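2 protein chains.
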Amino acid sequence: MSFTYEYPRGALTVDCVVFGFDGGELKILLIQRGVAPFKGEWALPGGFVGTDETLDEAARRELKEETGLDNVFLEQLYTFGAVNRDPRERVVSVAYVALVQPDDYTTEAQTDADDARWFPLSEIPKLAFDHREILDTGIQRLRGKLRYEPIGFELLPEKFTLPQLQKLYESVLNAELDKRNFRKKVLSFGLLIPLDEKLREGPHRPAQLYRFDPARYEALKNEGFLFEI
Amino acid sequence: MSFTYEYPRGALTVDCVVFGFDGGELKILLIQRGVAPFKGEWALPGGFVGTDETLDEAARRELKEETGLDNVFLEQLYTFGAVNRDPRERVVSVAYVALVQPDDYTTEAQTDADDARWFPLSEIPKLAFDHREILDTGIQRLRGKLRYEPIGFELLPEKFTLPQLQKLYESVLNAELDKRNFRKKVLSFGLLIPLDEKLREGPHRPAQLYRFDPARYEALKNEGFLFEI
DNA sequence: TGACTTAGTGTCACTTTTACACTTATATTT
DNA sequence: AAATATAAGTGTAAAAGTGACACTAAGTCA
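Protein sequences, first through last, are from chains A and B.
If you count the first sequence from 1, position 24 lands on 24 in this note's numbering, and the numbers rise without skipping.
If you count the second sequence from 1, position 189 lands on 1189 in this note's numbering, and the numbers rise without skipping.
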């Protein structure tokens, strides 16, 4: 079967910058390419967009197929259209940012996706195509958004502690934050619900567990509330 | 001549949300479609992306062809990929935001582009395709950016007064601002250079003219300075 | 020259941000 | 069981920033 058009058409792909956070450093999920071009090199998960699926659907489908990840936070990032970004032919790629919670990917790691691996930001290998540029754009976007939208919670388990949240912010923003001021501000929003549970994880005082209250955030947002850390 | 591929391919277009400000209300540049579909209806300027041009180039080319505008501020907005957004076939559109200074378009208005017209935001007609959605996305983006990046100057003439700048902010943000506080903050950045010139425009005290200092902004930005109004 | 119109200016109360040090709860070691 | 080590958790005061507010200045026109 073949498809014929009056003018030449480039191909359209999606690529995903997938962020994960395990409590230490921010990490990116990469896959090792099994086919040319750039066979054997590391790349962002992604692939061609079908003519009967939206861009978001294509991104979710590729993410599932290539990494096993499902039901993650996903948001369009930017569209990359340099003429020769793919050596084969003209390919325009719509890039996405995905944020995954540790809960999700530890289970997935065992299933398929043996050619997918998490890399700390400081140890990203050479990437195929213009994926390094896409990744950098994704990092910038994450940094920018983290301060003005409550998306950090997408990178933490459902139940998390304030020290975990703070470490996430420090890791992504690459800056040290004052513990007392951070807690004061975060709690002042009233968006965190303390649970009847604490996290014991070492020879020290256990930390209070919280969960984020998305409904309350929506309500506040409609009243003109601005999240900002 | 025809072009054949193994899998079906959608078409790729660019569309531009073009903002202008004449001192009163914020305006959008629309063109009246001369061909089906939506013939006779108003739409955002835009068109198909060639396989040998980048997305930015395509946006600039279409803007020039359809409205005569050249050398304007242009920035990618979002990519729209709903499956049936074009009734003919699958078309994905990369949307752009353009900001034009009154200097530019008053001269252009005379040349070609007789089917292009500026519409105040409050009087936008029904638009073709999903262009209303694209426009709304563009407005949101402009509002968001105006407060955190010095892009307002792209909508004003090279030489402008503080009352003009304030009216622009009030118009875009849809809010009244305190004159003294606005001036205090804007001038505190040291990004405006007062000129040896005043603007006389009525039976009242003339206003000091300023110009924006882009070089100084770059310098400050590198030192970690954050623009915010 | 008087009336009208918009440009331009300073202060004070209040809120927000920042800097900073000790106590508390647990696990481990002796 | 007591001592030790570790990270969690808490309040205050000084400084900076924000927001509210009313009059004078410089021009045009009648």
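Note that the Cβ used here is the ideal one computed from N, Cα and C, for glycine as well.
All values derive from a computational prediction rather than experimental measurement.
Check: Collapsed DSSP secondary structure at Y96/A in the structure displayed; Outcome: strand
Check: Limits of the unbroken alpha helix (DSSP H) element including A1215/B; Outcome: 1214–1222
Check: Length-filtered (4 minimum) alpha helix (DSSP H) runs lying within the region 117–170 of chain A; Outcome: 131–148
Check: E197/A (DSSP reduced to helix, strand or coil); Outcome: strand
Check: Where the alpha helix (DSSP H) through F1182/B begins and ends; Outcome: 1179–1188
Check: V1092/B versus A1082/B: straight-line alpha-carbon distance, rounded; Outcome: 7 Å
Check: Unbroken beta strand (DSSP E) run spanning D1015/B, endpoints; Outcome: 1011–1021
Check: 8 Å Cβ cutoff, G10/A in contact with chain B; Outcome: yes
Check: Span separating the alpha-carbon of F1129/B from that of L1029/B; Outcome: 16 Å
Check: Helix, strand or coil at L44/A according to DSSP, with G and I counted as helix; Outcome: coil
Check: Other residues of its chain near H131/A: CB distance less than 6 Å, five sequence neighbours each side excluded; Outcome: A43, L44
Check: P163/A to R216/A span [Cα, whole Å]; Outcome: 22 Å
Check: Contact check, D15/A vs I134/A, beta carbons under 8 Å; Outcome: yes
Check: 8 Å CB neighbourhood of K1145/B in its chain, flanking five on each side removed; Outcome: I1151
Check: CB of R211/A within 8 Å of CB of E158/A, strictly; Outcome: yes
Check: Cβ pair V18/A, V100/A closer than 8 Å; Outcome: yes
Check: Distance, Y96/A Cα to E1006/B Cα; Outcome: 26 Å
Check: Closest by C-alpha distance to R1294/B, when choosing among F1048/B, T1161/B, L1069/B; Outcome: Residue 1294/B cannot be examined here, being either before or after the span of chain B that is shown, 1001 to 1229.
Check: Beta carbon proximity, V1097/B to chain A, threshold 8 Å; Outcome: no
Check: The region 1064–1095 of chain B: positions lying closer than 9 Å to chain A by Cβ; Outcome: Q1076, Y1078, T1079, F1080, G1081, A1082, V1083, E1089, R1090, V1092, V1094
Check: Alpha-carbon to alpha-carbon, I193/A and A1098/B; Outcome: 43 Å
Check: Three-state secondary structure (DSSP) of T1079/B; Outcome: strand
Check: For F1003/B and S2/A, the rounded distance between their alpha carbons; Outcome: 10 Å
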